[in-house]
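So the sequence lines, in the order shown, correspond to chains A and B.
The opening residue of the first sequence carries number 103 in our numbering; numbering runs sequentially from there.
The opening residue of the second sequence carries number 1477 in our numbering; numbering runs sequentially from there.
Idealized CB from N, CA, C, for every residue including glycine.
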Amino acid sequence: MSAQDQIKETVAANDVVLYMKGTKSMPQCGFSSRVAGVLNYMGVDFTDVNVLADDDIRQAIKDYSDWPTIPQLYVKGEFVGGCDIITEMTLSGELDTLFEENGVSYDKDAAEKIREANA
Amino acid sequence: MRKIDLIRKRLEATFDPQELEVVDDSESHRGHAGYQEGGESHYNVRIRAAAFDGQSRIQRHRAVHAALGADLLAEIHALALDIGTPG
């Protein structure tokens, strides 16, 4: 299977997927760490794909989304954004809305706490 | 031309921004992945331009990526973007 097909299959089979450097329990980059941290804190059940473990995927994911950087978050197969966008959407509440619209369960209180801490 | 000047020049040429701030943040990533001696690896950009009016977050980021160009992006390890419209 090509790396592109592999990505297609992964984002179709899992509601929330984060392509990142390292893993959700051991991120290898500050930007990946920030997004994984937000999702972990909000109690979101997500699939992590470590691009450092696979050079083909690392390149293919950039082509797939036409986006030059890692991390990349996908919800229900749709590319949502990278670190800056996820941070902005967390603080604005748009991420909550996106999860609600897609039936992704998350801890609303935790999301509010993040916003309070960054107000 | 230093990368920071190239970033500024390309963004100014494409978006005619009302506000533009480009910071070489490489030093704060010393010892982390992607750090290189001499800096020029990590940048923070804050840009406000009318050109972004009506665009989604993803469209805005894509527009900035396109303006910077693949050659420059390939030489930068990390680029934090704060993109908005004036006012």
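Could you check where the beta strand (DSSP E) with residue 1522 of chain B kicks off and where it finishes?
1518 to 1524
Interface positions of the segment 156 to 172 of chain A facing chain B (Cβ-Cβ less than 8 Å), listed along the chain:
168, 169, 170 and 171
Using 8 Å as the threshold, is the C-beta distance between residue 1483 of chain B and residue 1544 of chain B below it?
yes
From residue 118 of chain A to residue 1532 of chain B, what distance separates their C-alpha atoms?
21 Å
Per DSSP, which one or two residues make a beta bridge with residue 122 of chain A?
A:152
I'd like the list of long-range same chain contacts for residue 206 of chain A, defined as Cβ closer than 7 Å, with 5 residues on each side in sequence excluded.
117, 118, 146 and 177
Which stretch, first to last residue, makes up the beta strand (DSSP E) that contains residue 1500 of chain B?
1495 to 1500
Considering only the beta carbon of each residue, do residue 1539 of chain B and residue 1561 of chain B sit closer than 8 Å?
no
May I ask you to list, following chain order, the residues of the segment 124 to 136 of chain A that have a beta carbon less than 7 Å from some beta carbon of chain B?
130, 131, 132 and 133
Using 8 Å as the threshold, is the C-beta distance between residue 175 of chain A and residue 163 of chain A below it?
no
If we ignore side chains and look at the alpha-carbon of each, how far apart do residue 144 of chain A and residue 151 of chain A end up?
19 Å
Could you work out which residues of chain B lie near residue 203 of chain A, taking near to mean beta carbons separated by less than 8 Å?
Here the premise fails: no neighbours, minimum Cβ distance about 15 Å.
Members of the segment 1533 to 1546 of chain B near chain A, C-beta cut-off 8 Å
1533, 1534, 1537, 1538, 1541 and 1546
Is residue 107 of chain A close to chain B? Criterion is C-beta to C-beta, closer than 8 Å.
no
Provide the residue span of the alpha helix (DSSP H) that contains residue 208 of chain A, from first to last.
Run containing residue 208 of chain A: none; DSSP gives neither H nor E here.
Between residue 122 of chain A and residue 161 of chain A, what straight-line distance do the alpha-carbon atoms span, to the nearest angstrom?
12 Å
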